[in-house]
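Taken in order, the sequence shown gives residues 121 to 201; the numbers are from this note's numbering. Structure, as structure tokens:
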Amino acid sequence: MREELSFFSSPISEEIREEGRAQGRVQRGIQDILVVLEERGIDVPDVVRERITGCGDPETLSRWHRRAVTAPTSEAIFDDA
121 MREELSFFSS PISEEIREEG RAQGRVQRGI QDILVVLEER GIDVPDVVRE RITGCGDPET
181 LSRWHRRAVT APTSEAIFDD A
């Protein structure tokens with residue numbers, strides 16, 4: 121019985137769980153940006169939505185999320201100035 125459960129404590133199992141957590145953070149970041157822009161009444165053109173939803177980097181999404189709070193347009197969240 122113990123051998124059957126050993127997979128769940130194995131390094132590969134932990135790696136799979138970590139990948140799932142990372143993907144969850146990415147999805148949450150995407151959702152958060154879109155919700156902020158929507159709540160602010162800011163138009164999100166398809167090209168902007170695609171760039172946001174296509175991003176897989178949690179740090180970039182976090183930066184865009186912070187910018188979405190004050191950005192005058194959805195495109196402005198990408199400005200590095």
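Positions of the beta carbon are idealized from the N, C-alpha and C atoms, including for glycine. Bear in mind that the values here come from a model prediction, so they are computed numbers and not experimental data.
Non-local C-beta neighbours of residue 168 in its own chain, meaning closer than 7 Å and more than five positions away in sequence, comprise 194, 195, ordered along the chain. Pairwise C-beta distances place the segment 137 to 147 out of contact with the segment 158 to 167, as fewer than three of them are shorter than 8 Å. Its Cα nearest to that of residue 178, the residue 146 stands out among 132, 135, 146. For residue 151, the closest C-alpha among the options 199, 134, 200, 176 is that of 176.
Burial check for residue 174: the Cβ neighbour count within 10 Å stays below 16, so the residue is exposed.
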